[in-house]
Each structure stands twice: as C-alpha cells, then as structure tokens.
Ligand code: PMP
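In the UniProt record's numbering, the protein residues as written are 1 to 391.
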C-alpha cells in the first residue's frame with residue numbers, strides 16, 4: 001500500500017546506522033534457558049527475576065480463574081469490568097506494601113501515565129531524575145505542571161531544584177527506585193529527607209525493585225525502612241511478579257481520585273481474570289518462598305563478580321541488572337551476536353535508550369539460573385569479549 005514511503009526512508013537510515021532491531025520470538029517459556037530459532041540459549045535478558053512467569057501455583061490460579069470467570073472481562077473497571085477479584089487483589093497488595101490502598105492499572109507504563117497526568121495542576125511542579133524511565137517522562141509530558149530535571153541521583157542538584165521551586169502549590173519529586181539500564185539504586189533515604197525538609201511530595205517507580213528489594217520483595221521503600229514516608233509507590237506486576245500490570249500504592253484518596261481521573265484506568269478494559277488471579281498468587285509466593293529472592297541475590301553476586309574478574313566494565317550496578325558497557329553501538333551489537341553464537345541470549349542496548357558512547361549488553365540473572373549455567377554464560381562472555389578485544 002502506498003503512503004508510508006517516508007517511514008521506509010527512516011527505517012532504511014536506521015538500518016544503515018545499525019540501530020534497526022528485529023523482534024526476537026521465543027519458542028519456549030521464559031526459563032533460565034529459552035528456545036530461539038530452534039536453539040536453546042541461556043536467558044540473560046528477561047525481567048523474570050524470580051522465575052514466576054511459569055510458577056506452578058500461578059499457572060494453576062490462572063487456569064482456575066479462566067474456568068470460573070472466562071477469558072476476558074468485557075468492560076472497563078468503572079462501568080462493568082470490576083470483578084470482586086480485582087478489588088480483593090488490590091486490598092491484598094495494599095497490605096503487602098504497607099500502604100492505605102492500591103489501584104491496579106493495565107501496565108507499569110500506564111500506571112505512571114495515570115498518576116502523573118492526573119494529580120498535578122498548572123500551579124504545581126514535578127522534579128524528575130534525568131535518567132527516569134520513559135513512562136515517567138511521557139507521564140510528565142501529559143501534565144500541565146511545570147517540570148524540572150535534576151542530575152542523575154545528584155542530591156545537590158535535587159536540592160537546588162527544590163530551592164528554586166518554592167512558589168509552586170505542590171512539588172512532586174519522582175525517581176526510579178532501581179534504574180533500569182544501570183541497575184543502580186536511588187539514594188532514597190536522602191531523597192526523602194530532602195523532600196521532608198522542603199515539604200515536597202515523593203514518588204518512587206519501583207518496577208525493578210518489586211519482588212527484588214525489601215522484605216519479601218516489598219520494594220525500595222521497605223529496603224530503606226521508609227514505610228509511611230513515601231507518598232506514592234508505582235510498581236509493575238510484569239517483571240519479578242511474572243504476569244502483567246502496574247499499580248499505584250498510596251492513600252485511599254489517591255486511589256479514589258485515580259478511579260475518577262486516571263485516563264488509562266478510565267478508558268481501557270480491566271485485566272482478564274487469569275492475570276489478576278496469577279498476580280494474587282504471586283504475592284502468596286513472595287510471602288511463602290523467600291528463598292527465591294535469596295537465590296536471586298546469590299546468583300547476582302556470583303555473576304557480577306565473574307564479569308568483573310574477567311575485566312568487563314559493569315558500571316555501578318547494585319542489583320541483578322548488570323550492564324556490560326562496551327562504548328560503541330556496533331561493538332555492543334557484535335558482542336550480543338557472538339554471545340548468541342556461544343549459547344547466551346543477552347541483548348545489546350544503544351542510543352537513544354542509553355547515552356551515546358555508553359552502548360552495552362545488559363544482563364539480568366534470575367533465581368532460576370543454576371551456578372553451572374551462569375558459569376557457562378561467563379565462559380561465553382570471556383570468549384566473545386577476547387575475540388572482540390573488549391577484555
Ligand atoms: N518503570 C520502569 C522503571 C520500567 O523499567 C518499566 C518497564 N520497562 C516500566 C515502568 C513499565 O512497566 P510495564 O512493563 O509493566 O509497563
């Protein structure tokens with residue numbers, strides 16, 4: 001069909017620049033090993049931190065829910081699409097998170113859009129870390145509030161922004177709990193103290209900390225013992241929780257307000273029963289099987305140390321996300337391709353997702369990996385890294 005030649009031109013230049021990426025279809029479940037093009041590879045690119053995507057209790061909960069309630073819900077939550085299981089799960093999640101209330105949205109992405117677009121007015125200001133996730137950036141684009149960006153995890157820069165914004169009605173500071181490309185944890189205690197000093201609200205996006213940090217995976221707020229001092233926690237149910245969705249954990253007033261004003265909540269159909277039932281089972285798994293989180297962190301330490309010992313630049317990660325920073329885009333893509341030849345699936349990430357000159361292969365270990373598998377992956381990194389003169 002004619003009419004999209006202008007897109008073809010841009011796609012061609014993306015191909016010429018080497019930034020065009022094809023989708024890679026998996027032919028297996030999201031395990032420690034996955035099947036791609038008929039070949040088994042060690043999976044180091046998923047966010048399935050605890051291996052919950054195929055946990056037997058969650059699969060059973062999903063199947064039972066389909067049997068009882070069907071495959072879909074047929075309506076948005078505010079009209080006829082709220083099932084009692086949606087409300088029950090939100091109550092359970094609020095109890096787990098030690099907050100007054102939660103509201104579940106279709107994804108973490110839309111959770112950020114809903115909260116940021118709805119609770120601020122033109123009399124307010126949002127103050128955001130420069131490396132916050134795209135969904136925060138897009139959410140901020142949707143608000144009428146003024147915006148200020150502070151330097152990445154830089155407390156002086158944040159304090160400056162707070163000092164400069166005294167005239168606004170409300171100030172909302174927003175940070176990722178764990179930054180998704182570098183794996184570093186935000187200095188949340190100090191950020192909260194600054195917010196308290198300047199009477200600002202604080203919001204944390206805990207996408208990569210839910211199920212990973214804090215007691216039983218309660219997140220960054222719990223990790224730093226800050227329960228009751230962070231106004232809004234956004235989390236995802238799509239990564240360590242292993243299913244799909246996002247949530248806002250805050251006060252009853254915020255929940256009620258979002259139900260009326262959060263556009264992605266208002267105008268998009270609710271989660272299918274299988275999704276909600278599996279998410280609910282995941283919270284039980286977090287409470288009943290803390291050994292999964294212990295294994296995740298043991299694997300993290302083993303793999304991170306292994307990469308460092310080999311001489312790779314692994315940046316400043318404190319979490320199971322370990323970037324292998326190689327600099328140039330081409331080098332990063334070459335490393336990823338070679339790793340695939342040697343049995344490892346670890347995707348390269350380049351500009352614009354990370355800054356120019358900071359291209360990397362991002363690795364994420366999970367609780368599912370055995371030490372033998374991780375050693376196999378390290379051997380592949382050693383071989384590929386030497387062949388490409390990275391180490
Ligand atoms: N916030 C952060 C920090 C993320 O890394 C992601 C996922 N890439 C999201 C939000 C969006 O979560 P979801 O995949 O559930 O939409």
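We treat Cβ as the ideally placed atom computed from N, Cα and C, and that holds for glycine.
query                                                                                                               : result
Distance cut-off 7 Å: residue 227 Cβ against heavy atoms of the ligand MG                                           : Ligands present in the displayed structure are limited to the ligand PMP, and the ligand MG is not among them.
Endpoints, beta strand (DSSP E) assigned at residue 149                                                             : 146 to 150
8 Å contact criterion, which residue 126 and residue 140 should meet: CB distance rounded                           : 5 Å
Nearest neighbour of residue 199, chosen from 171, 8 and 289 [CA to CA]                                             : 171
For residue 1, the three-state DSSP class (helix, strand or coil)                                                   : coil
Residue 135 beta carbon near the ligand PMP (any heavy atom closer than 7 Å)                                        : yes
Option in 12, 121, 220 and 316 with minimal Cα separation from residue 362                                          : 316
Whole-Å CB distance - residue 367 paired with residue 51, under 8 Å assumed                                         : 5 Å
C-alpha gap between residue 242 and residue 236, whole angstroms                                                    : 9 Å
DSSP bridge partner residues for residue 176 (one or two, in chain order)                                           : 205
Segment contact, 8 Å Cβ cut-off, at least three pairs: the segment 159 to 171 with the segment 129 to 138           : no
Selection from 225, 192 and 239 that minimises the alpha carbon distance to residue 209                             : 239
Whole-angstrom distance between residue 27 and residue 38, CA atom to CA atom                                       : 7 Å
Endpoints, the beta strand (DSSP E) within which residue 129 is located                                             : 125 to 129
Closest Cα partner of residue 24 within the set 301, 17, 181 and 34                                                 : 34
Three-state secondary structure assigned by DSSP to residue 348                                                     : strand
Bridge partner(s) assigned by DSSP for residue 359                                                                  : 327
Residue 305 in three-state terms, based on DSSP                                                                     : helix
Beta-carbon proximity check, residue 258 vs residue 103, cutoff 8 Å                                                 : yes
DSSP state of residue 119 mapped onto helix, strand, coil                                                           : coil
Helix, strand or coil at residue 106 according to DSSP, with G and I counted as helix                               : coil
Buried versus exposed call for residue 143 [16 or more other C-beta atoms within 10 Å across all chains shown]      : buried
Burial state of residue 181, where buried means 16 or more other Cβ atoms lie within 10 Å                           : buried
Per-residue DSSP class, three states only, for residue 246                                                          : strand
Same chain, Cβ closer than 8 Å to residue 399, five either side skipped, listed in chain order                      : Examination of residue 399 is not possible in this model, given that the chain is present from 1 through 391 alone.
Residue 241 (DSSP reduced to helix, strand or coil)                                                                 : coil
Three-state secondary structure (DSSP) of residue 391                                                               : coil
Distance between residue 6 and residue 207 (C-alpha atoms, nearest Å)                                               : 36 Å
Proximity of residue 393 and residue 279 at Cβ, strictly below 8 Å                                                  : The displayed coordinates of the chain run from 1 to 391. Any statement about residue 393 would go beyond what the structure contains.
Proximity winner among 375, 351, 336 and 218, relative to residue 14 (alpha-carbon distances)                       : 351
Cβ shell of residue 71 (< 7 Å), same chain only, five flanking positions each side left out                         : 272
Distance between residue 16 and residue 3 (C-alpha atoms, nearest Å)                                                : 22 Å
Paired residues, beta bridge with residue 76 - DSSP                                                                 : 269
Near the ligand PMP: residue 64 beta-carbon under 7 Å from a heavy atom                                             : no
Sequence-distant residues of the same chain with beta carbon closer than 7 Å to residue 302, five excluded per side : 371 and 374
Outcome for residue 274 when other beta-carbon atoms lying within 10 angstroms are tallied against a minimum of 16  : buried
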